[in-house]
Amino acid sequence: MLFTGLALRLDVKERRSSHDLAITKAHRELWSNLYKRPALARVLDPNADLASQPITQEEKMFVLLLVVHLNTALGVPQ
221 MLFTGLALRL DVKERRSSHD LAITKAHREL WSNLYKRPAL ARVLDPNADL
271 ASQPITQEEK MFVLLLVVHL NTALGVPQ
């Protein structure tokens, strides 16, 4: 019984580490888009003039991916 409990605890820790690594990888890949496509940096600009330059499809997709990533990261059990 003790060994089963220990094995279960180790499995949970290993799974948590695996999830953390996957989330970190996704986070890095997502934010690296700002370096690859500098035009996306406008989504972080609080003074962006949306009247003269409306939101682009690429910006919409980037923000949507950010929201999905956050939802996934926050939904992983700690």
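In our numbering, the protein residues as written are 221 to 298.
Positions of the beta carbon are idealized from the N, C-alpha and C atoms, including for glycine.
Check: Where does residue 276 fall in DSSP's three states?; Outcome: coil
Check: Looking at the structure shown, is residue 240 part of a helix, part of a strand, or coil, going by DSSP?; Outcome: helix
Check: Under a three-way DSSP split, which group does residue 266 fall into?; Outcome: coil
Check: Rounded to the nearest angstrom, how far is the Cβ of residue 253 from that of residue 260, given a contact under 8 Å?; Outcome: 6 Å
Check: Can you give the Cα-Cα distance for residue 284 and residue 233, rounded to whole angstroms?; Outcome: 30 Å
Check: Given this structure, state the Cα-to-Cα distance separating residue 276 from residue 229, to the nearest angstrom.; Outcome: 47 Å
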